[in-house]
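Undergrad: First the structure, then my questions, so here it is.
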Amino acid sequence: QRRVYRTTTHVPQELGQIMDSETFEKSRLYQLDKSTFSFWSGLYSEVEGTMILLCGGIPFLWNLSGQISGRAGFGPEYEIVQSLVFLLLATLFSAVTGLPWSLYNTFVIEEKHGFNQQTLGFFFKDAIKKFIVTQCILLPVTSLLLYIIKIGGDYFFIYAWLFTLVVSLVLVTIYADYIAPLFDKFIPLPEGELKQQIETMAKSIDFPLTKVYVVEGSKRSSHSNAYFYGFFKNKRIVLFDTLLEDYSALNKEAAEGEDGENEETKSKPKNKKQGCKNEEVLAVLGHELGHWKLGHTVKNIIISQMNSFLCFFLFAVLIGRKELFAAFGFYDTQPTLIGLMIIFQFIFSPYNEVLSFCLTVLSRRFEFQADAFAKELGKAKDLYSALIKLNKDNLGFPVSDWIFSMWHYSHPPLLERLQALKDAKQE
Numbered sequence: 018q019r020r021v022y023r024t025t026t027h028v029p030q031e032l033g034q035i036m037d038s039e040t041f042e043k044s045r046l047y048q049l050d051k052s053t054f055s056f057w058s059g060l061y062s063e064v065e066g067t068m069i070l071l072c073g074g075i076p077f078l079w080n081l082s083g084q085i086s087g088r089a090g091f092g093p094e095y096e097i098v099q100s101l102v103f104l105l106l107a108t109l110f111s112a113v114t115g116l117p118w119s120l121y122n123t124f125v126i127e128e129k130h131g132f133n134q135q136t137l138g139f140f141f142k143d144a145i146k147k148f149i150v151t152q153c154i155l156l157p158v159t160s161l162l163l164y165i166i167k168i169g170g171d172y173f174f175i176y177a178w179l180f181t182l183v184v185s186l187v188l189v190t191i192y193a194d195y196i197a198p199l200f201d202k203f204i205p206l207p208e209g210e211l212k213q214q215i216e217t218m219a220k221s222i223d224f225p226l227t228k229v230y231v232v233e234g235s236k237r238s239s240h241s242n243a244y245f246y247g248f249f250k251n252k253r254i255v256l257f258d259t260l261l262e263d264y265s266a267l268n269k270e271a272a273e274g275e276d277g278e279n280e281e282t283k284s285k286p287k288n289k290k291q292g293c294k295n296e297e298v299l300a301v302l303g304h305e306l307g308h309w310k311l312g313h314t315v316k317n318i319i320i321s322q323m324n325s326f327l328c329f330f331l332f333a334v335l336i337g338r339k340e341l342f343a344a345f346g347f348y349d350t351q352p353t354l355i356g357l358m359i360i361f362q363f364i365f366s367p368y369n370e371v372l373s374f375c376l377t378v379l380s381r382r383f384e385f386q387a388d389a390f391a392k393e394l395g396k397a398k399d400l401y402s403a404l405i406k407l408n409k410d411n412l413g414f415p416v417s418d419w420i421f422s423m424w425h426y427s428h429p430p431l432l433e434r435l436q437a438l439k440d441a442k443q444e
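Per this note's numbering, the sequence shown starts with residue 18, numbered consecutively.
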């Protein structure tokens, strides 16, 4: 794919009517920078992981965790306490070693190409907040999971799977109302033509819409998005402010002036107007609601839970093998948390790669189906133009190596989606 970025310096003939040479060059350079960053950060991650394994980093950190918990009055019999200390130290190490890469990505690459809207202070405040919230969720959930595995007997894998199922459903339920607002400001979409059109479209397909929000994603980045969430009869739609042409960072004035967070984000707006017109926003939402109407969300949940059950079952089969622990430097003890790490992260690695590819293929199929659903709503023309605008706004490069695309892209390339919609328009 890097070769495609380097060598494709002119707009291909089939793209001449939808992308100018200036935007094409900007997107090429942006994706080339991202590709270079991905290579070096990925290489560092592989080297770091290999060195940790070769130098006995995992047993060292486990022993250190035992020393810390021991000083707090918890002996070796308190394995869960030691596991939580280990998990805290491991995630802290990961956050610290990943910080330079995150800083470079945000303040060099994203800044260079006009997407970053954060100040350094906002970045660190956000990172600290994310770490704390993650620990508040991760540590209690892990302790309960380890306890269930300990007392579950021969069928612990069933109870562990049921527990993770409940946790995932609870997190999905509370995320948008209690977790996401800790990081972003959600504002009800003002009354007007767009809101009325969204409600009308939702009603036409029996989508149980209760609220429509606009999230101020522009305080972090100029990238745009839209999604829905909620279970049963309590569905909500979220639009990024960068998706709306009339609600972009260029048009916001007084509202941000009253918000203290404005001092933590860049006061200077980007020199380009972006976003979609109302009809194009409706087309994008038609695509997203297509995922719901066609059962894609439910199918993904079912696949995820089937995979989770299979993994816990195989974990139950493998956890008793002492040679697995010995291979990672644990000769005298077999901690449950370490077993989870060894089996899920390392032993299942080939399986995870194959599963990831299969899910990518399925995701691309779902995207085409959702586009077709939007077409059935009469939104083919508007979705066609919206996809072009979003690709330009996000500096997506429309030319891709087919093997790289097939393996990595969960969404079909722009040209394939446009061709499908073009055929639909001609019909």
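Even for Gly, the Cβ is constructed at its ideal location relative to N, Cα and C.
A quick note: this is a predicted structure, and the numbers were derived from the prediction, not measured.
#1: Could you give the uninterrupted runs of the beta strand (DSSP E) lying entirely in the stretch 121-199, keeping only those of 3 residues or more?
#2: DSSP puts ALA243 in a beta bridge; with which residues?
#3: Which residues mark the beginning and the end of the beta strand (DSSP E) in which LYS228 is found?
#4: Comparing C-alpha positions only, which one of CYS328, SER100, LYS392 sits nearest to GLY307?
#5: Just checking: is the beta-carbon of CYS293 within a distance shorter than 7 Å of some beta-carbon in chain B?
#6: At 4 residues or longer, what runs of the alpha helix (DSSP H) sit wholly inside the stretch 82-113?
#7: What's the C-alpha gap between GLN436 and GLN291?
#8: Thinking C-alpha only, which one of LEU311, TYR244, ARG434 is nearest LEU302?
#9: How big is the Cα-Cα spacing for LEU116 and ILE145?
#10: Label TRP309 either buried or exposed according to how many other C-beta atoms from any shown protein chain fall within 10 Å of its C-beta, with 16 as the threshold for buried.
#11: For PRO286 and GLN84, what's the separation of their Cα atoms in angstroms?
#12: So, with DSSP's three-state summary, where would you put SER422?
#13: Name the residue from LYS250, LYS252, LEU261, SER238 whose alpha carbon lies nearest to the alpha carbon of GLN134.
#14: Nearest to ASP418 by CA position, among TYR426, PRO225, LEU412, is which residue?
#15: Please state whether DSSP places PRO205 in a helix, a strand or coil.
#16: By DSSP, does CYS293 sit in helix, in strand, or in coil?
#17: For ASP388, does the count of other Cβ atoms within 10 angstroms reach 16, so buried, or fall short, so exposed?
#18: Do the stretch 46-59 and the stretch 309-329 meet, that is, are 3 or more Cβ pairs less than 8 Å apart?
#19: So the alpha helix (DSSP H) GLY59 belongs to, where does it begin and stop?
#20: Taking just the CA atoms, how far does PHE361 sit from LYS396?
#21: So LEU199 packs on LEU156, CB below 8 Å; how close in whole Å?
#22: At the level of alpha carbons, what is the spacing between SER284 and LEU137?
#23: Within the continuous alpha helix (DSSP H) that includes SER380, where are the two ends?
#24: Residue range of the alpha helix (DSSP H) that ASP410 falls in?
#25: I need the boundaries of the alpha helix (DSSP H) containing LEU341, first residue and last residue.
#26: Label TYR172 either buried or exposed according to how many other C-beta atoms from any shown protein chain fall within 10 Å of its C-beta, with 16 as the threshold for buried.
#27: Output yes or no for whether 7 Å exceeds the beta carbon distance between TRP178 and PHE329.
#28: Along the chain, where does the alpha helix (DSSP H) that runs through ARG237 open and close?
#29: Answer with buried or exposed for ILE215, where buried requires no fewer than 16 other C-beta atoms within 10 angstroms of its C-beta.
#30: Could you check how far apart the C-beta atoms of TYR230 and ILE204 are, in whole angstroms? I think they sit under 8 Å.
#31: Tell me the DSSP secondary structure of LEU299 in three-state form.
#32: LEU357 lies in the alpha helix (DSSP H); which residues open and close that run?
#33: Taking the alpha-carbon positions, what's the ILE405 to GLU42 distance?
#34: Mark LEU71 as exposed unless 16 or more other C-beta atoms lie within 10 angstroms of its C-beta, in which case mark it buried.
#35: Can you check which of these residues, ASP194, PHE383, GLY209, is closest to ASP202 by C-alpha distance?
#36: CA-CA distance, GLY66 and SER111?
TA: On the basis of the supplied data:
#1: none
#2: Working through the sequence shown from its first residue, we reach residue 243 at position 226. DSSP lists LEU256 as partners of ALA243.
#3: Against the sequence shown, residue 228 aligns to sequence position 211. For LYS228, the enclosing beta strand (DSSP E) has its first and last residue at 226-232.
#4: Residue 307 sits at position 290 when you count from the first residue of the sequence shown. Measuring from the Cα of GLY307, the nearest candidate turns out to be LYS392.
#5: Absence of chain B from the displayed structure is noted, only one protein chain being present.
#6: none
#7: Locating residue 436 in the sequence shown gives position 419, where the first residue counts as 1. Locating residue 291 in the sequence shown gives position 274, where the first residue counts as 1. So the alpha carbons of these two residues sit roughly 24 Å apart.
#8: As a working note, residue 302 is residue 285 in the sequence shown. Considering only LEU311, TYR244, ARG434, the residue with the shortest C-alpha distance to LEU302 is TYR244.
#9: By one-based count along the sequence shown, residue 116 stands at place 99. By one-based count along the sequence shown, residue 145 stands at place 128. Cα to Cα, the separation comes out at about 11 Å.
#10: If you number the sequence shown from 1, residue 309 lands on position 292. Buried is the call here.
#11: As a working note, residue 286 is residue 269 in the sequence shown. As a working note, residue 84 is residue 67 in the sequence shown. Any reading at PRO286 must be qualified, since the residue scores a pLDDT of 48, below 50, and its modelled position is unreliable; no value is offered.
#12: For the purposes of this step, residue 422 is taken as the residue at position 405 of the sequence shown. If DSSP states are grouped into helix, strand and coil, SER422 belongs with the helices.
#13: What you label residue 134 is simply residue 117 of the sequence shown in a count that begins at 1. The option with the nearest alpha carbon to GLN134 is SER238.
#14: The residue labelled residue 418 in the question sits at position 401 within the sequence shown. Nearest option by C-alpha distance: TYR426.
#15: Residue numbering aside, residue 205 sits at position 188 when the sequence shown is read from its first letter. In this structure, PRO205 counts as strand in the three-state DSSP scheme.
#16: Within the sequence shown, numbered from 1, the residue matching residue 293 stands at position 276. DSSP places CYS293 in strand when its eight states are reduced to three.
#17: Stepping through the sequence shown from its first residue, residue 388 is reached at position 371. ASP388 comes out buried.
#18: no
#19: In the sequence shown, the residue the question calls residue 59 occupies position 42. Note, GLY59: alpha helix (DSSP H), 38-71.
#20: Sequence index remark: in the sequence shown, residue 396 carries index 379 (1-based). Sequence index remark: in the sequence shown, residue 361 carries index 344 (1-based). Near 43 Å, if we compare the C-alpha coordinates of PHE361 and LYS396.
#21: Counting from 1 along the sequence shown, the entry for residue 199 is found at position 182. Counting from 1 along the sequence shown, the entry for residue 156 is found at position 139. The Cβ separation is near 17 Å, so there is no contact.
#22: Here residue 284 is taken as the residue at index 267 of the sequence shown, counted from 1. Here residue 137 is taken as the residue at index 120 of the sequence shown, counted from 1. With a pLDDT of 47 at SER284, under the threshold of 50, the modelled position of this residue cannot be trusted, and the question is left open.
#23: For the purposes of this step, residue 380 is taken as residue 363 along the sequence shown, with counting starting at 1. For SER380, the enclosing alpha helix (DSSP H) begins and ends at 366-393.
#24: To locate residue 410, count along the sequence shown from 1; it is residue 393. For ASP410, the enclosing alpha helix (DSSP H) starts and ends at 397-410.
#25: Taking the sequence shown and counting its residues from 1, one reaches residue 341 at position 324. Note, LEU341: alpha helix (DSSP H), 339-344.
#26: In the sequence shown, counting from the first residue as 1, residue 172 sits at position 155. Classification for TYR172: exposed.
#27: As a position in the sequence shown, residue 178 is number 161, starting the count at 1. As a position in the sequence shown, residue 329 is number 312, starting the count at 1. Their beta carbons are under 7 Å apart, which means TRP178 touches PHE329 by this criterion.
#28: As a working mapping, residue 237 is identified with position 220 in the sequence shown. No alpha helix (DSSP H) contains ARG237, which DSSP labels as neither H nor E.
#29: The residue labelled residue 215 in the question sits at position 198 within the sequence shown. With 16 or more Cβ atoms within 10 Å of its Cβ, ILE215 is classed as buried.
#30: Looking up residue 230 in the sequence shown gives position 213. Looking up residue 204 in the sequence shown gives position 187. Yes, they are in contact, since the Cβ atoms of TYR230 and ILE204 sit about 7 Å apart, within 8 Å.
#31: Your numbering for residue 299 matches position 282 in the sequence shown. Reduced to three states, the DSSP call for LEU299 is helix.
#32: One-based indexing of the sequence shown puts residue 357 at position 340. Note, LEU357: alpha helix (DSSP H), 353-358.
#33: Counting from 1 along the sequence shown, the entry for residue 405 is found at position 388. Counting from 1 along the sequence shown, the entry for residue 42 is found at position 25. Rounded to the nearest whole angstrom, the CA to CA distance from ILE405 to GLU42 is 15 Å.
#34: Taking the first residue of the sequence shown as position 1, residue 71 is located at position 54. Exposed.
#35: Position 185 of the sequence shown holds residue 202. The residue asked about is misnamed: residue 202 is Lys in this sequence, not Asp. Considering only alpha carbons, the answer is ASP194.
#36: Counting from one through the sequence shown, the residue named residue 66 turns up at place 49. Counting from one through the sequence shown, the residue named residue 111 turns up at place 94. If you take the alpha carbons of GLY66 and SER111, they lie about 11 Å apart.
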